[in-house]
Amino acid sequence: MRSVKSYRAPQNPNRESMPHPLTARRSARISGRVRVPGDKSISHRALILGALAIGRTRIAGLLAAEDVMATAQAVDELGAEVTQKDGTVEVLGQGVGGLRAPQGPLDFGNSGTGSRLMLGVVAGHDMRVEFTGDASLCRRPMGRVLTPLITMGLQVEAQGEGGTLPLTVRGTGDILPIEYDLPVPSAQVKSAILFAGLHAPGRTTVIEPLATRDHTERMLAFFGAELHAEDKAGGGRAVTVCGDAELHGAALSVPGDPSSAAFLIAAALICPGSDLVVENVLMNPTRTGFLDTLREMGASIEVLDLRDEGGEPVGDLRVKAGPLKGVRVPPERAPSMIDEYPVLAVVAAFAEGETHMAGLAELKVKESDRLAATAAGLEACGVAVRIEGDDLIVRGRGAVKGGALVETHMDHRIAMAFLILGLGASEPVTVDDVTMIATSFPGFAALMTSLGAELA
Numbered sequence: 001m002r003s004v005k006s007y008r009a010p011q012n013p014n015r016e017s018m019p020h021p022l023t024a025r026r027s028a029r030i031s032g033r034v035r036v037p038g039d040k041s042i043s044h045r046a047l048i049l050g051a052l053a054i055g056r057t058r059i060a061g062l063l064a065a066e067d068v069m070a071t072a073q074a075v076d077e078l079g080a081e082v083t084q085k086d087g088t089v090e091v092l093g094q095g096v097g098g099l100r101a102p103q104g105p106l107d108f109g110n111s112g113t114g115s116r117l118m119l120g121v122v123a124g125h126d127m128r129v130e131f132t133g134d135a136s137l138c139r140r141p142m143g144r145v146l147t148p149l150i151t152m153g154l155q156v157e158a159q160g161e162g163g164t165l166p167l168t169v170r171g172t173g174d175i176l177p178i179e180y181d182l183p184v185p186s187a188q189v190k191s192a193i194l195f196a197g198l199h200a201p202g203r204t205t206v207i208e209p210l211a212t213r214d215h216t217e218r219m220l221a222f223f224g225a226e227l228h229a230e231d232k233a234g235g236g237r238a239v240t241v242c243g244d245a246e247l248h249g250a251a252l253s254v255p256g257d258p259s260s261a262a263f264l265i266a267a268a269l270i271c272p273g274s275d276l277v278v279e280n281v282l283m284n285p286t287r288t289g290f291l292d293t294l295r296e297m298g299a300s301i302e303v304l305d306l307r308d309e310g311g312e313p314v315g316d317l318r319v320k321a322g323p324l325k326g327v328r329v330p331p332e333r334a335p336s337m338i339d340e341y342p343v344l345a346v347v348a349a350f351a352e353g354e355t356h357m358a359g360l361a362e363l364k365v366k367e368s369d370r371l372a373a374t375a376a377g378l379e380a381c382g383v384a385v386r387i388e389g390d391d392l393i394v395r396g397r398g399a400v401k402g403g404a405l406v407e408t409h410m411d412h413r414i415a416m417a418f419l420i421l422g423l424g425a426s427e428p429v430t431v432d433d434v435t436m437i438a439t440s441f442p443g444f445a446a447l448m449t450s451l452g453a454e455l456a
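In structure tokens:
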């Protein structure tokens, strides 16, 4: 077994000063059978719950990307040893409340998910911890997750301007249970509260206005927590976890990330003659909004061999190129596809007619302002696009000119989305930097090239 310190994907602290551009050119058919890396959301949660369980947790298919490895490193530094051998990662859990204070700051790189979820874990431990990350993460807001955790007993001793990282907090062994209404849907905030609630006496309840991805609930139950979920009128949901929990180590396999698969699916849809099978994709209904929208646009997407693995539905997707039409995407669908909007906007540019994507305020506080970055990139490539409040409207004409240099703002999903656009555009598209793609999709360029994409 190797320790997580040798397993961790390399991070580049000087990423901003060492950009690596990449150009995508019009490509022939995208075809083959392929698997994408493991789901990022499940990978983060598997490491964290493995640390809070008693005994060993063995994880197959963990996403070996920088964001997830930052969480693995943090778990290890909190006393839950993480090792890997032959593609399986093992976490030696210390039990709920059993983690120890790290010797130095926890560096989450570019991982907003890892840092926010871990705040919930630390809240229930009597320890002082400093959270930090790269320049991009240190600009992202933490107030929404801190507010309920402070109510539960977390103390904030130092923070960046506007409530950002670097952030120093002190947890408590006397964490309080709460009932909390989420002001906006957020799986990360919900998860942080539920993780803190594992330590609290009694019941901790999160009420969300719209149901968000439910991996935390599924995995808490898988590890042995007592948990209850109740649907509310209007699409909301109340999730309750019982405190003083005892979790047990488990073996699990991480399915393919649907947010990563989205880029391959988009490429197959816009490159004529494409016929692609993406295997082992997570089909959790809280994550399939992108597929639902594409089908409404007329996309040929067939689910093969739908099955259950480790409490999550998984399937193989066969995608064929074909004509697409513009549609209206309702705001209530946003939680199930929030990471896929940049590449959906790219697909919309190749459709006929207007695609109206509503309720995208959350895109403004991602790794970049993805709403503005997506619109700017499309406009540079000759696509008719406009922003109205929190809505993005793309006027597709069935073809895209391209011929632009797109600014990524250090955002991995913006970089991948516009490389996909370049595969179908009449003129090459260059993105200004691709180094950050490793945060979620290591090997992206090589995999795309193996399927027929022209990237250089």
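All residue numbers for the sequence shown refer to the UniProt record's numbering, where the first residue is 1 and numbers rise by one. Ideal placement from N, C-alpha and C gives every residue a C-beta, glycine not left out.
Rounded separation between residue i and residue j - CA only
i           : j    : result
M410        : A221 : 36 Å
A175        : G398 : Here the sequence assigns Ile to residue 175, which means Ala is not the residue at that position. Their Cα atoms are separated by approximately 56 Å.
G104        : V156 : 17 Å
D433        : I30  : 23 Å
V343        : G173 : 44 Å
G422        : G402 : 6 Å
I420        : A267 : 6 Å
L119        : L146 : 8 Å
A64         : T164 : 26 Å
E161        : L360 : 25 Å
residue 511 : E179 : In the structure as shown, the chain starts at 1 and stops at 456, and residue 511 therefore has no counterpart that could be examined.
A345        : L363 : 13 Å
A453        : P255 : 24 Å
P13         : T439 : With a pLDDT of only 38 at P13, under the threshold of 50, the placement of this residue in the model should not be trusted, and no figure is reported.
Bounding residues of the beta strand (DSSP E) (the contiguous stretch that carries residue i)
i    : result
G443 : Taken as a continuous stretch (DSSP letters only), G443 belongs to no beta strand (DSSP E), as it is neither H nor E.
Q159 : 155 to 160
R237 : 237 to 242
T205 : 203 to 208
V277 : 275 to 282
Bridge-paired residues (DSSP) for residue i
i    : result
S300 : K320
D391 : E388
R26  : For R26, which the question treats as bridged, DSSP gives no partner whatsoever.
T216 : Its beta-bridge partners do not exist; DSSP assigns none.
L247 : A53
L252 : I59
R397 : E352
Reduced DSSP secondary structure (H/G/I, E/B, other) of residue i
i           : result
A456        : coil
F131        : strand
T355        : strand
S31         : strand
L227        : strand
residue 458 : As displayed, the chain neither begins before 1 nor continues past 456, which places residue 458 out of reach and without an answer.
P331        : helix
E340        : helix
L306        : strand
H20         : coil
G315        : strand
V383        : coil
L106        : strand
Enclosing alpha helix (DSSP H) for residue i [first to last residue]
i           : result
L264        : 258 to 270
T430        : No alpha helix (DSSP H) holds T430; the beta strand (DSSP E) holding it covers 427 to 431.
D76         : 66 to 77
A415        : 412 to 424
I42         : 40 to 52
R370        : 370 to 380
L165        : Premise fails: L165 lies in the beta strand (DSSP E), 164 to 170, not in any alpha helix (DSSP H).
T286        : Taken as a continuous stretch (DSSP letters only), T286 belongs to no alpha helix (DSSP H), as it is neither H nor E.
residue 505 : No answer is possible for residue 505: it lies beyond the span of the chain, which begins at 1 and ends at 456.
Contact the stretch 269 to 277 vs the stretch 313 to 327: 3+ CB pairs below 8 Å: The stretch 269 to 277, when compared against the stretch 313 to 327, does touch it at the 8 Å Cβ threshold.
Three-pair Cβ contact test at 8 Å for the stretch 300 to 320 versus the stretch 364 to 381: no
Given 8 Å, three or more beta-carbon pairs between the stretch 103 to 121 and the stretch 35 to 45: yes
Segment contact flag, the stretch 230 to 243 with the stretch 192 to 211, C-beta cutoff 8 Å, min 3 pairs: At 8 Å Cβ cutoff, the stretches touch.
Contact the stretch 382 to 402 vs the stretch 347 to 358: 3+ CB pairs below 8 Å: yes
Three-pair Cβ contact test at 8 Å for the stretch 90 to 98 versus the stretch 48 to 61: Between the stretch 90 to 98 and the stretch 48 to 61 there are three or more C-beta pairs closer than 8 Å, enough to call the two in contact.
Meets three-Cβ-pair contact criterion under 8 Å: the stretch 333 to 341 and the stretch 281 to 296: yes
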